[in-house]
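Colleague:
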Amino acid sequence: MNQLRYFVPQQLEKVTRAVEMAEELISNYYKLSSSQLRRLNYDVKTLADLSPEEIVSGHFAQIVKYKSKRKDVLRETEAEDFYKICLQDHSILTALEMHPDLEFLGFLLYIVCHELIHVVRFRRFLQQFDASAAEKMAEEQRVHAKTHEILSNLSIDGIAGVLNFYENWRNPPHQVEQP
Ligand SMILES: [Zn+2]
Numbered sequence: 044m045n046q047l048r049y050f051v052p053q054q055l056e057k058v059t060r061a062v063e064m065a066e067e068l069i070s071n072y073y074k075l076s077s078s079q080l081r082r083l084n085y086d087v088k089t090l091a092d093l094s095p096e097e098i099v100s101g102h103f104a105q106i107v108k109y110k111s112k113r114k115d116v117l118r119e120t121e122a123e124d125f126y127k128i129c130l131q132d133h134s135i136l137t138a139l140e141m142h143p144d145l146e147f148l149g150f151l152l153y154i155v156c157h158e159l160i161h162v163v164r165f166r167r168f169l170q171q172f173d174a175s176a177a178e179k180m181a182e183e184q185r186v187h188a189k190t191h192e193i194l195s196n197l198s199i200d201g202i203a204g205v206l207n208f209y210e211n212w213r214n215p216p217h218q219v220e221q222p
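Numbering-wise (my numbering), the sequence shown opens with residue 44 and increments by one.
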């Protein structure tokens, strides 16, 4: 694993902004009320708030699914599970340095939108968390296409550079489940 580096406070402010923007975009796209958005039961965390097993290299983010700890079997439904969207500061910072066309806010907006689309699709059972490797790859393409669709209508500085970057970005899926 490459050296861990963390977002500085100024970057963390932009992460917060990107999450707010992404939640609004995804809510609009999927027509979610604020209570429906809350019931997706996810959180977005940066490297400083990740445990060692939530940290990966080679991905900008990963989703870790936590099973409900509740004993009540009747209530142990999919909706009780919690999705932790784990942003990988070190990988994001390296990509920003290697690709000068990438702008921080737009890049984070893409990453968070992408992960939120995954969460919505898991919640709506459009996609199984434990799908086969081939199905996960196909889902990855669908989620990238939707992210592109949602962001391509935005007039935000730097978004064109981000969409251009992702035109050729192909990476294996990135979801794991913690007991
Ligand atoms: Zn993905």
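Cβ coordinates follow ideal geometry from the N, Cα and C atoms, glycine included.
Thinking C-alpha only, which one of 46, 96, 58, 110 is nearest residue 88?
Modeller: Reading the sequence shown from its first residue, position 45 is the one you call residue 88. The shortest Cα separation from residue 88 among 46, 96, 58, 110 belongs to 58.
Colleague: Quick check: is any heavy atom of ligand 1 less than 8 Å from the C-beta of residue 187?
Modeller: Within the sequence shown, residue 187 is the residue found at index 144, counting from 1. Yes, the Cβ of residue 187 comes within 8 Å of a heavy atom of ligand 1.
Colleague: What I want to know is whether the C-beta of residue 158 ends up closer than 8 Å to one or more non-hydrogen atoms of ligand 1.
Modeller: One-based indexing of the sequence shown puts residue 158 at position 115. Yes, Cβ of residue 158 sits closer than 8 Å to a heavy atom of ligand 1.
Colleague: So residue 161 and residue 106 are in contact, right, with Cβ under 8 Å, and what is the actual spacing, rounded?
Modeller: The residue you call residue 161 lines up with position 118 of the sequence shown. The residue you call residue 106 lines up with position 63 of the sequence shown. Yes, residue 161 and residue 106 are in contact; Cβ-Cβ is about 6 Å, under 8 Å.
Colleague: In angstroms, rounded to a whole number, what distance separates the CA positions of residue 185 and residue 178?
Modeller: For this step, residue 185 is matched to residue 142 along the sequence shown. For this step, residue 178 is matched to residue 135 along the sequence shown. Their Cα atoms are separated by approximately 11 Å.
Colleague: On the DSSP letters alone, give me the boundaries of the alpha helix (DSSP H) that residue 58 sits inside.
Modeller: Here residue 58 refers to the residue found at position 15 of the sequence shown. That run of the alpha helix (DSSP H) goes 52-73.
Colleague: With distances taken from CA atoms, which of 62, 208, 80 is nearest residue 129?
Modeller: Working through the sequence shown from its first residue, we reach residue 129 at position 86. Each of 62, 208, 80 was checked against the Cα of residue 129, and the nearest Cα belongs to 62.
Colleague: Going by DSSP, which residues form a beta bridge with residue 86?
Modeller: Within the sequence shown, numbered from 1, the residue matching residue 86 stands at position 43. Paired residue(s): 127.
Colleague: Note down the Cα distance separating residue 124 from residue 183, rounded to an integer number of angstroms.
Modeller: Looking up residue 124 in the sequence shown gives position 81. Looking up residue 183 in the sequence shown gives position 140. Straight-line measurement puts the Cα of residue 183 at about 21 Å from the Cα of residue 124.
Colleague: Tell me, to the nearest whole angstrom, how far the beta carbon of residue 194 is from that of residue 153; I am working on the premise that it is less than 8 Å.
Modeller: As a working note, residue 194 is residue 151 in the sequence shown. As a working note, residue 153 is residue 110 in the sequence shown. With 8 Å as the limit, residue 194 and residue 153 qualify as a contact, their Cβ atoms being about 6 Å apart.
Colleague: Determine, using beta-carbon pairs with one atom in the segment 137-152 and one in the segment 203-210, whether at least three such pairs fall under 8 Å.
Modeller: yes
Colleague: For residue 199, name the three-state secondary structure that DSSP assigns.
Modeller: Start at 1 with the first residue of the sequence shown, and residue 199 comes out as number 156. Residue 199 sits in coil when the DSSP states are folded into three classes, being neither helix nor strand.
Colleague: Does the beta-carbon of residue 308 have 16 or more other beta-carbons within 10 angstroms, so that it is buried, or is it exposed?
Modeller: The question about residue 308 has no answer, for the chain in this structure spans 44 to 222.
Colleague: Please say whether residue 145 and residue 65 have beta carbons closer to each other than 9 Å?
Modeller: Sequence index remark: in the sequence shown, residue 65 carries index 22 (1-based). Sequence index remark: in the sequence shown, residue 145 carries index 102 (1-based). Cβ atoms of residue 65 and residue 145: not closer than 9 Å.
Colleague: Less than 6 Å between C-beta atoms, sequence neighbours within five positions excluded: which residues of the same chain meet that for residue 83?
Modeller: Reading the sequence shown from its first residue, position 40 is the one you call residue 83. Result list for residue 83: 162, 166, in chain order.
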